[in-house]
Amino acid sequence: MSSTRQEARDNKRQPYLEVLEILGEMATLLDINITQRQLAYCVSLIENGVEPQALANVINGLRARYPEEEEVPKEHGKDESTK
Amino acid sequence: MAQTSTINALLGNLITSISGQHSKSPAREQKTIRDSALRTVKAQQYVRTNQFEVESSIDGLIEKFSILNRDDLSSALKARIEELAEASRSKWTPEILSLFLNLSDRPVEKTEVDALKLIRPPTPPEPPLTWEEIEADDPLTGDIWDEVSYSAGSSDEDIVVRRKPNSRRKGSSITQPGKQETQDDLVSPSLLVSPDPDILREIEQSQFWKSSPVLHTTSLSQSDSAFTHRVSELQTIREVLLMLRGLPTSLFGIDEEHSVIFYSADISLENITNSSLDDVLQRFANIGSDLYRLRAWVRKSKSTPLLQAFHASVASRLRSFDKELSNIERDVVAPSIPTTVSVMRIHDTIRNRSRPLLRLGGLVDRVPTHESGFSCLELLYDEICVLQASGDQESYELIARVFFECLKIYLRPVRKWIESGEVGDQDESFFVAVAAGDCAPSALWKDRFKLRMTANGELYAPKFLEPAGRKILNAGKSIVFLRQLSLQHKLPPTLIEPSLDFNDLPGNDSLLSLAPFAELFGSALDNWVKSKYGPASSILCQQLFSHCNLGGYLDALEHVCCSKDGILFQTFADELFQRMDDRQKVWNDRFLLTELARSVFGTLRGIDESRISVRTLQAKGAEQSVKALSGVAIDLNLPWPVLNIVQRTSLPTYQRILRLLLQIYRAKYLLRRDSIILRSSGSTDENTRSSNYFRQRLVWFVDIMFSYVLETVVQPTTSEMRTKLCEADDVDVMVEVHDSFISKLQTQCLFARNLAPIHDTIVSLLDLSVSFTDNQSRRLQRQTNKSRFASVDIRRPRRNHTRRKSQRQEDDISSEDNDEEDENGEGDDDYDADNETSSSRNESYDERLARIQEQFGQLLSFAVAGLKGVSRVGEEVAWEMLAERLEWGVSRAD
Chain A
1 MSSTRQEARD NKRQPYLEVL EILGEMATLL DINITQRQLA YCVSLIENGV
51 EPQALANVIN GLRARYPEEE EVPKEHGKDE STK
Chain B
1 MAQTSTINAL LGNLITSISG QHSKSPAREQ KTIRDSALRT VKAQQYVRTN
51 QFEVESSIDG LIEKFSILNR DDLSSALKAR IEELAEASRS KWTPEILSLF
101 LNLSDRPVEK TEVDALKLIR PPTPPEPPLT WEEIEADDPL TGDIWDEVSY
151 SAGSSDEDIV VRRKPNSRRK GSSITQPGKQ ETQDDLVSPS LLVSPDPDIL
201 REIEQSQFWK SSPVLHTTSL SQSDSAFTHR VSELQTIREV LLMLRGLPTS
251 LFGIDEEHSV IFYSADISLE NITNSSLDDV LQRFANIGSD LYRLRAWVRK
301 SKSTPLLQAF HASVASRLRS FDKELSNIER DVVAPSIPTT VSVMRIHDTI
351 RNRSRPLLRL GGLVDRVPTH ESGFSCLELL YDEICVLQAS GDQESYELIA
401 RVFFECLKIY LRPVRKWIES GEVGDQDESF FVAVAAGDCA PSALWKDRFK
451 LRMTANGELY APKFLEPAGR KILNAGKSIV FLRQLSLQHK LPPTLIEPSL
501 DFNDLPGNDS LLSLAPFAEL FGSALDNWVK SKYGPASSIL CQQLFSHCNL
551 GGYLDALEHV CCSKDGILFQ TFADELFQRM DDRQKVWNDR FLLTELARSV
601 FGTLRGIDES RISVRTLQAK GAEQSVKALS GVAIDLNLPW PVLNIVQRTS
651 LPTYQRILRL LLQIYRAKYL LRRDSIILRS SGSTDENTRS SNYFRQRLVW
701 FVDIMFSYVL ETVVQPTTSE MRTKLCEADD VDVMVEVHDS FISKLQTQCL
751 FARNLAPIHD TIVSLLDLSV SFTDNQSRRL QRQTNKSRFA SVDIRRPRRN
801 HTRRKSQRQE DDISSEDNDE EDENGEGDDD YDADNETSSS RNESYDERLA
851 RIQEQFGQLL SFAVAGLKGV SRVGEEVAWE MLAERLEWGV SRAD
């Protein structure tokens, strides 16, 4: 039963992970310099109604405040998932 | 509320993720930041994201990447957009893309597409499909996979040949060649040719250079022992012949840098000592080196036609020598008669055969590489003379033939010039050039063409052509002249020209074989030039007289300027003097004088009167003086062909002769008139006798000058000039004859600048005639005043001018009688302003006469002394004659 549920959960999560992966590649192409986790948080915030412009301002403000943090290497693969 | 808490939580996590290490900052600060972010998120009111706008922004971004030459980025982004569209149909996709667009930071400069591989490594390509997999999946069973036989027989008789399943599959191992079917082995053994091992062994043995040298000692000298290759004489000869052809050999090496061939010292011949062999090989090497340099020179291309001809001749001689080498080789390899193969004999043969070619090679070294002239011709010419003198007949003949072949090319522009009068503007090698292409036709002969000269003043032509250079130039100029006259049809048809070839040299027969080549060639060249030059020049000279009426114009000049017909000349002169004496203001009007000249001289046969015109200049001096006649000049408009002979520079001399003759005629005229007046007056007093005496002296002087100018100078000189002109065979000669004629006239008539004092003295003597006649007329006038009516009859209409003159004098005298009659009882002299000496104003007749006589004596003595002096220096016989004749007058006066 639990394996079926696990499979169902995995099946449900698989397209979401694929979308995240694609978004991650797009972020790399556009030189957005965002990790998978941060990307997942952003997507969640947007899905909760946060305006993308406001969110972009917040992120830019945080990056301006914490510039060294931008050198954090990007996370590879699909090992990150949203909570 | 739940949404807000969710947002708070997510925002907190995002802040924590972005802040990273700074998460260890105080919680208060973190809370402040979180609250600030939250306020930012909630406080700002934005318009909902327009998905179409986002889509167009993305498309624009993709296009921008393409335009900025980031096609990789553009295609990658486009692919991801498409993947996203397929993978997610979320309604939040435009917002996410809008977030990306807001966060994007100069992707064109910073993004590397290869970084995507770090995110998602590329999947390896699928392995290719193999037959094993296909067979494992679907085995090939059944009759359908059997081999079909295509033989002509019936199907019942068909023997089905079952092939092995593995024989046609991919990936199977390759079968061995020996195991192929027998039907593949179709090459018949009869078609295969097996090499003969004996021939191969023989060829390998002949390649002696591949074998290791062995120690050879000869019985003749132990010191000759050395590690050498033993070769045969035949091999040596073959190597020598190949070397002489310029081919690389094993026995001889080539130093291309210095163009030297050296022999290999590590060979030996049987029964020949090494030193002898070395000597022979060295000689061969020397010959080969010279030939090698010659061949290297032949390989280079040449630029000028003459050098190209020389190059072709040398190459031809080299080919002949190669043929001779081939003949030698044939005689050695396949002799028709038994022959001993000997290196020494071959050496002697080659030395004799190559000697002329080596002499040629020595010449080639001296020819400048980049020259546009003719130095190779001169070198060949000198070499021929040396070879002929030294008796080397073979070399002489070879180099002479080369010389004539090159000469043929060099003479091409010469032939073209002589035959058609054309010269190329750009041809720098030809010694005739256009000097002034646009000169006037009257200067065609003298100025249009010129001979090119070197800086040393020598003709720019080979030295053997220098004697004929002027003739060649004149031949072409004659053609051009005839063409200008449209008389080129008068030229005779092209005759067979004497050939300039070695075989046609007159010295080839035994009689003239001792004659030097310079003489033989000079005569041949002279004949060649004459064949071209003679007809054109003689025809031109004839046409100048017949077509251009040169004789007629010379006659006209003699009549007009040199008084050839005294009656005509005197007619003109008398009319002119009458106008002068009438004191007409327009006596020197050129139109009237032109009409006068045309009416007088136009009656001559052969003279077009429209060509006669008179120029007048305002001359200095008294109007009644002979010097006033220097302002009168009769011009004869000569046509341009005649002007090429009678050049414009000579026309002033004709004018000066005319002037001098007019002055003499004037003096004669005045004295004659005075004589008539005196005779008619019948006076016999002392003054009359003395004046008669002086008049006689003047007449004598004038007659001597008249006779001298016409009979001593002009007539014989003109006659000589006409004779020489008719005999001239060249326009150059004609011009020279006429120039010398003019020069002689100038000299003998005392026109030269250094003789100007004597000339002026003679003119002054002539002018004394004017003074004398003037004095006489004044005296007569005074006598007339005393017996006026008696003297009227004497003044005939012909002397109206004298009457008018005396009338005016009388008026003047009467008007000034009050002033001067008291002083000396003489009337004012009307001629004071015109006379030389203004002091005669108050002179009496006797005083004036005495003064004139004194002047005459002085001037005559001066003239005689001057003439004697210059005749001693200049050795001019005419001056001496004139001086002696004039001296009579001086001695009589004494």
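Quick note, the sequences are listed as chains A and B, same order. In terms of UniProt numbering, the first sequence is residues 1 to 83. In terms of UniProt numbering, the second sequence is residues 1 to 894. For every residue, glycine included, the Cβ atom is placed at its ideal position computed from N, Cα and C. This structure is a prediction, so every number in the text was calculated from the model and none was measured.
Between A/I34 and B/W92, the C-beta gap is not smaller than 8 Å, which leaves the two residues out of contact. Taking CB atoms only, A/Q38 has a neighbour in chain B less than 8 Å away.
Just measuring C-alpha positions, the residue of B/I96, B/D35, B/L68 and B/E29 sitting nearest A/G24 is B/I96. Residue nearest to B/S98 within the set A/Q14, A/E7 and A/V43 is A/V43 (criterion: CA-CA distance). Between the segment 248-265 of chain B and the segment 279-286 of chain B there are three or more C-beta pairs closer than 8 Å, enough to call the two in contact. Within the segment 5-35 of chain A, those residues whose Cβ lies closer than 9 Å to any Cβ of chain B are, in chain order, P15, Y16, E18, V19, E21, I22, L23, G24, E25, M26, A27, T28, L29, L30, D31, I32, N33, I34 and T35. Taking a cut-off of 8 Å for Cβ pairs, the segment 689-697 of chain B and the segment 656-665 of chain B do not touch, as fewer than three such pairs fall below it.
Boundaries for B/L192: no alpha helix (DSSP H) harbours it, and the DSSP string shows neither H nor E there. A straight line joining the alpha-carbon of B/R579 with that of B/D555 spans about 27 Å. The DSSP-derived three-state label of B/K450 is strand. For the 8 Å CB-CB criterion, B/C749 and B/V702 do not form a contact.
Residue range P305 to V333 is occupied by the alpha helix (DSSP H) that includes B/V333. Counting only residues of its own chain and dropping the five nearest sequence neighbours on each side, B/Q308 has a CB closer than 7 Å to the CB of K302. Every unbroken stretch of the alpha helix (DSSP H) spanning 4 or more residues and falling wholly within the segment 601-661 of chain B is given here in chain order: 640-645.
Shown here, B/I267 sits in a strand according to DSSP, grouped into three states.
For the pair of segments examined, the segment 346-366 of chain B was found to touch the segment 387-396 of chain B: the number of CB pairs separated by less than 8 Å reaches three. Below the 7 Å Cβ cutoff, chain A contributes M26, A27, L30 and I32 as neighbours of B/F100, in chain order. Between the segment 589-609 of chain B and the segment 641-650 of chain B, the count of C-beta pairs closer than 8 Å stays below three; the two stretches do not touch.
Look at B/N13: its C-beta is under 8 Å from a C-beta on chain A.
Contact with chain A is found for B/L84, since one of that chain's Cβ atoms lies less than 8 Å from the residue's Cβ.
Chain-ordered, the chain B residues with CB closer than 7 Å to the CB of A/A56 read L99, N102 and L103. Look at B/H489 here: in three-state DSSP terms it is helix. Here B/L765 is not near B/L882, since their CB atoms are 8 Å or more apart. DSSP places B/G869 in the helix class (H, G or I) of the three-state scheme. From the beta-carbon of B/I96, the residues of chain A found nearer than 8 Å are L23, C42, V43, I46 and P52. Against chain A, the CB of B/I18 has a partner CB under 8 Å away; the residue lies at that interface.
Nearest Cα to B/T571 within the set B/N456, B/F601 and B/D774: B/F601. Annotated as distal: B/V560 and B/K471, with beta-carbon spacing of 8 Å or more.
For B/L596, the CB contacts under 8 Å within the same chain, skipping 5 residues up- and downstream, are F572, E575, L576 and V614 in chain order. B/Y665 is classed as buried because its beta carbon has at least 16 other beta carbons within 10 Å across all chains shown.
The C-alpha of B/E736 is placed about 10 Å away from the C-alpha of B/M721. For B/H738, the secondary structure class from DSSP, reduced to helix, strand or coil, is helix.
About 12 Å separates the Cβ atoms of B/L291 and B/G362, ruling out a contact at the 8 Å cut-off. Counting of Cβ neighbours within 10 angstroms places B/L11 among the buried residues, the total reaching 16 or more. Nearest CB-CB separation between B/R28 and chain A: not below the 8 Å threshold.
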